[in-house]
Amino acid sequence: MTVIAWIVEGTWAACVDAARTHAPEDTDIVLLHVTGSDVPGAAHGAYAGLLGRARPERDPGTEVENLAAAAGEHLLGAAAERLGRPCTRIERRGRIEREVVAAVEGADLLILARDGDRTHLGPRSLGPASRFIVDHAPCPILLIWPEETPSTETIPPPPHHPHHR
Amino acid sequence: MAVPAAGVVIATGAISLHHAAAEAARLGPVIAFLAAVLVLAQLCDDEGLFHACGAWMARKAAGSSRRLLVQVFAVASLITAVLSLDATVVLLTPVVFATAARLGARAKPHVYACTHLSNTASLLLPVSNLTNLLAFAASGLSFTRFAALMVLPWLAAIGAEYVVIRRFFATDLDAGAQAPPTPEPREVPVFALATVACTLVGFVVTSVFGINPAWAATAGAAVLAGRALAQRRSTPTAIVRAAALPFCAFVLALGIVVRAVVDNGLADALGHIVPDSTGLPALLGIAALAAVLANVINNLPAVLVLLPLTAPTGPGAVLAVLLGVNIGPNLTYAGSLATLLWRRIVREHDTDVDLGEFTRLGALAVPTALLLAVVALWVSLHVIGG
Chain A
15 MTVIAWIVEG
25 TWAACVDAAR
35 THAPEDTDIV
45 LLHVTGSDVP
55 GAAHGAYAGL
65 LGRARPERDP
75 GTEVENLAAA
85 AGEHLLGAAA
95 ERLGRPCTRI
105 ERRGRIEREV
115 VAAVEGADLL
125 ILARDGDRTH
135 LGPRSLGPAS
145 RFIVDHAPCP
155 ILLIWPEETP
165 STETIPPPPH
175 HPHHR
Chain B
17 MAVPAAGVVI
27 ATGAISLHHA
37 AAEAARLGPV
47 IAFLAAVLVL
57 AQLCDDEGLF
67 HACGAWMARK
77 AAGSSRRLLV
87 QVFAVASLIT
97 AVLSLDATVV
107 LLTPVVFATA
117 ARLGARAKPH
127 VYACTHLSNT
137 ASLLLPVSNL
147 TNLLAFAASG
157 LSFTRFAALM
167 VLPWLAAIGA
177 EYVVIRRFFA
187 TDLDAGAQAP
197 PTPEPREVPV
207 FALATVACTL
217 VGFVVTSVFG
227 INPAWAATAG
237 AAVLAGRALA
247 QRRSTPTAIV
257 RAAALPFCAF
267 VLALGIVVRA
277 VVDNGLADAL
287 GHIVPDSTGL
297 PALLGIAALA
307 AVLANVINNL
317 PAVLVLLPLT
327 APTGPGAVLA
337 VLLGVNIGPN
347 LTYAGSLATL
357 LWRRIVREHD
367 TDVDLGEFTR
377 LGALAVPTAL
387 LLAVVALWVS
397 LHVIGG
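So the protein lines, in turn, are chains A and B.
Heads up: the first sequence begins at 15 in my numbering, then just goes up one per residue.
Heads up: the second sequence begins at 17 in my numbering, then just goes up one per residue.
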């Protein structure tokens, strides 16, 4: 059995804890982190916009790429340490939501955390990337609240229909 | 490519030698000013100023992604205004990314803020952006008057960017930051900060005495260069490299080429659509035209084209051009469609950049910031007088 925990800045600790709690002893736990190409891309674009500064070695996008790779490795290291069990670390690069969906093909479970508005129950508790993954993942999903789960009182009341009076 | 092109337009008589020489004489001091600021920024980096900014942001953010965004806005706005947009793009952006990563925060909102502010926050001083230096020379304004008229638009544009970016990246900011910042020894680069402060005072003093403020920037760069050389932390070669002489030659050549194009019909063609008053609708029209042009052909040629057409109307019109060409480039990835097409950046880096997201952010931020900044400029012109 393979359980993949998606490690994302900000909410990863809860996913690691969930993997420890819910995955049976003999499970292959995979910690997956994806470094988005959008952030180095923004730096590349900003430098390209500076017309005439034709020195590729000054392009901050390249430095951000290297920093991002190091940060991803560091994060996976911290996650593995928190897990405290043998695990496999996978680092991928590209469009985050697409890479996650591609990486979990054939897995028995994907663990991911809600990363939108976590003060209310409801659809806004999923950010755009997690929404895409939940909608497209080709495997079962364990979707957790990274902090305390909001109470059911945070659900807005049903719409009022005057003609029912 | 611009240098041979300049040779061609002179050789073919598209621009008279006399006009080309006049253009070169006009651009010379501007380019010297630019080189001095580039050297100043690089030496500040060598002194550890940007690293210290990163440590300061990490400390003040205290584990909150939203507070980090406020620090990034403060630092990026000030660095851009004082040390120019090149400093923010090349030197500050990696520091901001590293700071966010160290705090365990998602870097995206902070890096996007940095790239946007390198344009939007470059409104304040003539040194903030090469476009400003060019317009400053054409406007006849003093350094202090330029800054006084632009402070309100600068704040309005930054405020607009802040609201838009905070809402746009709400999810990433909500995710928070987890790692407590590792305590670092507080190393404040006092010498670099003092030199930059003295350079700023120098800008004011030179402008009071009617001296070209480029001398203040040169003095600041010389002080830091002298120290770096004396302490053997830099070499003369490295300092000359920081002055980006090929870039300076490029700007000079671009100026001559654009002048040739303007002289050969573009002035007549555009002259009809450039408003020639400084009422609010006219300012809005000028800024919008400048923003569109900046997005089509990049802001540097855009400002060179529009300056001769707006300078006769007065400083208000010239400053409206700057609002357009400085804020406008945030609309397109890489600052303009021309850059994107010529350089095929997306393919060059083999990255799958989400142009849709970039453009959506620009479509929200640019019109908002531009509208508020133009209204702020109009108010400034009325209160202070053009």
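For every residue, glycine included, the Cβ atom is placed at its ideal position computed from N, Cα and C.
On a predicted model such as this, the values are computed, not experimentally measured, just so you know.
Residues of chain B with a Cβ closer than 9 Å to the Cβ of T25(A) are, in chain order, A191, G192 and Q194.
Along the segment 58-69 of chain A, the positions whose C-beta sits under 9 Å from a C-beta of chain B are H58, G59, A60, Y61, A62, G63, L64, L65, G66, R67, A68 and R69, read in chain order.
Within chain A, the residues placing a beta-carbon under 7 Å from that of S134(B) are A60, ordered along the chain. Every unbroken stretch of the alpha helix (DSSP H) spanning 4 or more residues and falling wholly within the segment 77-131 of chain B is given here in chain order: 81-99 and 109-119. The DSSP-derived three-state label of D62(B) is helix. For F266(B), the residues of chain A that pass the 7 Å Cβ criterion are G66, in the order they occur in the chain. The segment 63-83 of chain A makes no contact with the segment 120-140 of chain A, as fewer than three CB pairs between them are under 8 Å.
A contact between stretches requires three or more CB pairs, one per stretch, nearer than 8 Å, and the segment 378-388 of chain B meets this requirement with the segment 168-188 of chain B. For P164(A), no Cβ of chain B is located within less than 7 Å of the residue's own Cβ. Taking one beta carbon from each stretch, the segment 240-260 of chain B and the segment 48-63 of chain B have 3 or more pairs nearer than 8 Å; the two touch. Think of a sphere of 8 Å around the beta carbon of E373(B): the chain A residues whose beta carbon falls inside it are D52, in chain order. Residue contact with chain B for G130(A): present (Cβ-Cβ distance below 7 Å to some residue of chain B).
Membership of I169(A) in any beta strand (DSSP E) is not indicated, and neither H nor E is assigned to it by DSSP. Taking C-beta separations shorter than 7 Å and ignoring five residues to either side along the sequence, the partners of H126(B) in its chain run L84, L85, V88, V112 and A116, following chain order. For the pair of segments examined, the segment 134-148 of chain B was found to touch the segment 91-99 of chain B: the number of CB pairs separated by less than 8 Å reaches three. Taken in chain order, the complete alpha helix (DSSP H) segments of 4 residues or longer contained in the segment 321-387 of chain B are 331-343, 353-359 and 361-364. With its beta carbon at least 7 Å from every one in chain A, V274(B) lies outside the interface. Ranked by Cα distance from L90(A), the first of P172(A), G98(A) and E105(A) is E105(A).
For L305(B), the enclosing alpha helix (DSSP H) stretches over residues L296 to I313. Bridge pairing for H47(A): E105(A) [DSSP]. Between L126(A) and the set V30(A), P100(A) and T16(A), the nearest pair of CA atoms involves V30(A). With 16 or more other Cβ atoms inside 10 Å of its own Cβ, F159(B) counts as buried. Using a Cβ-Cβ cut-off of 8 Å, G136(A) is close to nothing in chain B; its nearest Cβ partner there is about 14 Å away. Between I43(A) and V78(A), the C-beta spacing is not below 7 Å. Ranked by Cα distance from R376(B), the first of V290(B), L59(B), L347(B) and P317(B) is L347(B). Per the DSSP secondary-structure output, A127(A) pairs in a beta bridge with I158(A).
Ranked by Cα distance from F184(B), the options L380(B), T384(B), L393(B) and G401(B) are led by L380(B). Taking the beta carbon of D102(B) as reference, the chain A residues within 8 Å of it are L64 and R67, listed in sequence order. For a Cβ distance threshold of 8 Å, residue set G63 and L65 of chain A lies close to N314(B), ordered along the chain. The alpha-carbon of T329(B) is positioned some 6 Å away from that of S293(B). One Cα belongs to P173(A), the other to T163(A), and the distance between them is close to 24 Å.
Taking C-beta separations shorter than 6 Å and ignoring five residues to either side along the sequence, the partners of G108(A) in its chain run S51, following chain order.
Taking the beta carbon of P345(B) as reference, the chain A residues within 7 Å of it are G63, listed in sequence order. For V114(A), the nearest beta carbon of chain B is not closer than 7 Å to its own beta carbon.
Contact between L50(B) and L146(B) holds: their C-beta atoms lie close to 6 Å from each other, under 8 Å. At a cut-off of 7 Å, the C-beta of A93(A) has no neighbouring C-beta in chain B.
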